[in-house]
Structure formats: structure tokens, C-alpha cells
Amino acid sequence: MRIAPSLNSINQDIVQNKEPDDVSSLDGEDEDSGPKIDLPQPSVLSSFLDPLDALIEVDDLSDALTSFENLMGGIVEAVQEHFHLPPQRSSTYKGDNKKQFDPMNAQEVQKLYKWNRRRCVRNIACPNTNRCSIPKRILHNYFTMTWGAPNEEFMLEATDTKERPNVLDSLDPEFVLSCLQTCENSAPGLDQITYKQWREVDPRCLVLSKIFNICLKFKDVPKTWKMSNYVLIHKKDDLNLIENWRPISLSNTIYKLFTKCLTRKLQDWCSFNQVLSSAQKGFTPHDGVIEHNFLLAQFIESAKRNKSDPLLAFLDISNAFGSFHMKSFLKLWNKKALIMSSLP
Numbered sequence: 001m002r003i004a005p006s007l008n009s010i011n012q013d014i015v016q017n018k019e020p021d022d023v024s025s026l027d028g029e030d031e032d033s034g035p036k037i038d039l040p041q042p043s044v045l046s047s048f049l050d051p052l053d054a055l056i057e058v059d060d061l062s063d064a065l066t067s068f069e070n071l072m073g074g075i076v077e078a079v080q081e082h083f084h085l086p087p088q089r090s091s092t093y094k095g096d097n098k099k100q101f102d103p104m105n106a107q108e109v110q111k112l113y114k115w116n117r118r119r120c121v122r123n124i125a126c127p128n129t130n131r132c133s134i135p136k137r138i139l140h141n142y143f144t145m146t147w148g149a150p151n152e153e154f155m156l157e158a159t160d161t162k163e164r165p166n167v168l169d170s171l172d173p174e175f176v177l178s179c180l181q182t183c184e185n186s187a188p189g190l191d192q193i194t195y196k197q198w199r200e201v202d203p204r205c206l207v208l209s210k211i212f213n214i215c216l217k218f219k220d221v222p223k224t225w226k227m228s229n230y231v232l233i234h235k236k237d238d239l240n241l242i243e244n245w246r247p248i249s250l251s252n253t254i255y256k257l258f259t260k261c262l263t264r265k266l267q268d269w270c271s272f273n274q275v276l277s278s279a280q281k282g283f284t285p286h287d288g289v290i291e292h293n294f295l296l297a298q299f300i301e302s303a304k305r306n307k308s309d310p311l312l313a314f315l316d317i318s319n320a321f322g323s324f325h326m327k328s329f330l331k332l333w334n335k336k337a338l339i340m341s342s343l344p
């Protein structure tokens with residue numbers, strides 16, 4: 001029985017028997033033709049760069065904010081169409097129809113851990129989530145009173161005002177990119193756009209940096225950024241007590257990224273100008289809990305060595321941030337010579 005030759009031998013025979021003219025005629029290409037050029041694919045948001053630059057350079061701000069909000073609507077819509085996202089997230093509760101997390105499914109656990117580590121650990125540790133059954137009217141009245149501005153005024157100590165530089169003048173793309181890279185995947189806001197999707201459509205943060213600089217120029221943000229969904233998380237004990245529920249705001253990721261950039265700039269400014277007290281350990285880039293634990297451990301060890309009775313006192317202020325009037329906060333920063341006009 002005759003065995004067919006291999007494909008390699010057939011191809012070699014064809015190449016040897018073909019003349020150069022025949023090869024060129026079969027290819028249909030000219031010998032003088034140059035190498036092909038790979039043209040880059042246009043970005044999803046490339047068409048918005050020029051309109052954003054125009055808003056940065058505009059001097060008349062009367063109708064500029066409206067134009068900016070319309071332009072932001074187009075940017076969000078373009079991203080939603082690119083990833084096939086619905087135009088707006090529904091505020092109705094879908095917990096009953098949601099697929100239950102299976103901690104015994106290794107593939108599902110690995111997928112969720114890669115996407116959101118905190119949610120993965122939370123689902124494993126607390127598989128049964130409780131839904132708040134308190135009427136909305138009661139919840140609204142309670143949190144309005146709790147988180148509303150206090151009536152009393154705070155008397156601030158007089159301090160010497162020092163001349164200090166502005167917090168920031170603009171946000172460059174490299175800085176915005178560094179902030180975006182450190183953002184962990186979390187639940188998106190009403191536009192349903194995640195941090196991962198912003199990294200895909202704007203990998204160098206050219207569009208995002210222009211958007212943020214426009215916000216700094218206008219000293220305002222789009223109205224859609226100020227809207228969010230609130231989810232109540234059960235903290236402890238009785239489910240019928242409102243104070244045992246903690247509200248979590250699900251804001252748009254672009255707004256959270258903007259505030260993250262401002263926070264980092266403000267932290268660097270406070271550290272460089274030595275504005276904050278050295279005794280403050282919370283809300284700083286460094287982990288002050290480690291230092292506090294070290295001091296407590298040294299104090300207890302010293303008491304044991306000297307055979308004395310240690311006395312420790314802890315003070316926890318309920319709703320510390322909400323009980324402080326925002327006007328007093330601004331007055332305090334003005335005394336620290338923080339130029340508030342540089343922030344929106």
C-alpha cells in the first residue's frame with residue numbers, strides 16, 4: 001500500500017519547482033512594496049479629548065458647567081455601550097433573586113477573591129446577610145437627624161495663620177493612574193462602571209485627568225456624581241434597632257477616584273507643612289494602630305515589672321464626624337491657612 005508523503009515534503013517540492021516570477025505572481029504583491037503599518041485602534045473615549053480641552057481653556061463659566069455635565073453624560077454612555085451595561089442601575093432590592101454564594105465551590109471562591117477580596121472573606125465568614133425591615137420613613141427621619149448639621153457652634157482656638165502653598169493646582173495623568181491602580185474592585189454606583197472598566201477604556205488616564213481638572217477649575221462636580229444608592233449593613237445585636245445598622249453609600253467609581261486623588265494630595269500637603277498634630281494616628285497614610293499597640297504593650301509590661309495596677313481609659317465618640325459642623329471644619333482649615341479655593 002502506498003503511503004502519502006508528508007505535507008512538509010510536498011511544500012518543499014512546490015517551493016523548489018516554482019520559479020521566482022510564479023511565486024510573485026501568486027502572491028499578488030509588488031517587490032517594491034514596503035512593510036505594512038499597524039494603525040492603532042481608536043480609543044473608546046478618544047473623541048472626547050478635544051471637547052474636554054476646550055472646557056479647560058474656556059474663560060466664560062456661565063454655561064460651561066452645563067456643557068460639562070452633558071459631555072460627561074456622553075462619556076458615561078459611551079463606556080456603558082462599550083461594556084453593554086444598562087443605562088442606570090435599579091434601586092430595587094434583588095437579594096431574593098441573587099444567586100447564593102457557595103463557599104464549597106473552589107472555582108467560585110477563587111473568582112470572587114480575584115475580583116474582590118473583602119467581599120469574598122465576608123461571604124465566607126457571614127454567609128447569611130440580614131435585610132433591614134425597618135420602614136423607610138423611620139430610617140429617613142433617623143439618619144436625617146443623626147447625620148444632619150448640629151445646631152451648636154464650636155469655639156475654635158485662635159492660631160497664627162501661616163502662609164502656605166496651595167494644596168494642588170492640577171492633577172496630571174500619571175498621578176491619577178497611580179490612584180486608579182490602587183483602587184480595589186468594589187460595588188459600582190448608579191452608572192455601574194467599575195474601576196477595572198475605567199482602566200480598560202482609559203489606560204493612561206488622559207480623559208480622567210482632564211475631567212478632574214475641569215472639576216477643579218469649576219470648583220464643582222456633575223450632579224450625577226452626587227447621587228448614590230445606600231445599603232444598610234447590620235453591625236450587631238438587635239435587628240429592630242436603627243443604631244445597629246450602618247449605611248454604606250454606593251457612589252460612582254469616577255467620583256470616588258476623584259476624591260481619592262484629592263485625599264492623597266491633601267495628606268501630602270498636611271504632612272509636608274506639618275499641619276496635623278503628632279498625636280493624631282487615624283486617617284493618615286501610616287498605620288497608627290501599630291504605634292498605639294506598641295505603647296499599650298509597653299505600658300502593661302512596665303506595670304507588670306513594677307508590680308503596679310495599670311489603669312487604661314478608652315473614649316469612643318458616637319458619630320464623631322457627623323457631630324462636627326461643616327462650617328466649623330472650614331473655619332478650622334482657614335486658620336491653618338489651607339487655601340480652600342483650590343478645592344471644589
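Each residue of the sequence shown is one higher than the last, beginning at 1 in full-length UniProt numbering. The beta carbon of each residue, even a glycine, is placed where N, CA and C say it ideally should be. From a predicted model like this one, the values you see are computed outputs, not experimental measurements.
Straight-line Cα distance separating residue j from residue i
i, j, result
"residue 329", "residue 110", "44 Å"
"residue 133", "residue 331", "40 Å"
"residue 177", "residue 235", "34 Å"
"residue 162", "residue 265", "19 Å"
"residue 220", "residue 287", "32 Å"
"residue 68", "residue 319", "36 Å"
"residue 127", "residue 192", "24 Å"
"residue 333", "residue 297", "35 Å"
"residue 258", "residue 147", "23 Å"
"residue 275", "residue 171", "22 Å"
"residue 345", "residue 145", "Residue 345 is absent from the model: the chain starts at 1 and stops at 344."
"residue 239", "residue 250", "22 Å"
"residue 203", "residue 196", "10 Å"
"residue 52", "residue 84", "24 Å"
"residue 312", "residue 86", "54 Å"
"residue 326", "residue 103", "44 Å"
"residue 181", "residue 315", "36 Å"
"residue 101", "residue 165", "51 Å"
"residue 295", "residue 279", "12 Å"
"residue 173", "residue 262", "14 Å"
"residue 321", "residue 212", "26 Å"
"residue 7", "residue 73", "With a pLDDT of only 41 at residue 7, under the threshold of 50, the placement of this residue in the model should not be trusted; the figure read from the coordinates follows. Near 58 Å, if we compare the C-alpha coordinates of residue 73 and residue 7."
"residue 190", "residue 198", "15 Å"
"residue 269", "residue 135", "44 Å"
"residue 255", "residue 310", "47 Å"
"residue 324", "residue 317", "11 Å"
"residue 55", "residue 64", "7 Å"
"residue 233", "residue 57", "44 Å"
"residue 216", "residue 277", "28 Å"
"residue 292", "residue 46", "49 Å"
For residue i, the three-state DSSP class (helix, strand or coil)
i, result
"residue 241", "coil"
"residue 90", "The pLDDT assigned to residue 90 is 49, lower than 50, so where the model puts this residue is not dependable, and the model offers no usable value."
"residue 275", "coil"
"residue 167", "coil"
"residue 328", "helix"
"residue 204", "coil"
"residue 82", "helix"
"residue 131", "coil"
"residue 211", "helix"
"residue 44", "coil"
"residue 58", "coil"
"residue 249", "strand"
"residue 141", "helix"
"residue 232", "strand"
"residue 219", "coil"
"residue 294", "helix"
"residue 263", "helix"
Selection from the options that minimises the alpha carbon distance to residue i
i, options, result
"residue 241", "199, 227, 138", "138"
"residue 59", "271, 214, 327, 284", "214"
"residue 230", "245, 239, 238", "245"
"residue 143", "294, 304, 248", "248"
"residue 48", "168, 181, 170, 201", "201"
"residue 243", "106, 199, 172, 141", "141"
"residue 82", "194, 148, 313, 182", "194"
"residue 308", "314, 300, 315", "300"
"residue 99", "129, 218, 74", "129"
"residue 272", "232, 168, 136", "168"
Anticipated Cβ contact below 8 Å, residue i with residue j, distance rounded
i, j, result
"residue 116", "residue 70", "Rounded, the Cβ-Cβ distance is 33 Å, inconsistent with contact."
"residue 79", "residue 44", "7 Å"
"residue 188", "residue 253", "6 Å"
"residue 112", "residue 218", "At roughly 39 Å, the Cβ-Cβ gap does not stay under 8 Å, so residue 112 and residue 218 are not in contact."
"residue 183", "residue 260", "7 Å"
Neighbour flag for residue i against chain C, beta carbons, 7 Å
i, result
"residue 219", "Given the protein chain composition of this structure (a single chain), no chain C is represented."
(request) Could you tell me whether the stretch 198–211 touches the stretch 170–185, using the rule of 3 or more Cβ pairs below 8 Å? (result) Contact holds: three or more Cβ-Cβ distances are below 8 Å.
(message) Can you confirm whether the stretch 116–125 touches the stretch 215–227 when touching is taken to mean that 3 or more C-beta pairs between the two stretches lie within less than 8 Å?
(response) They do not touch, by the three-pair rule.
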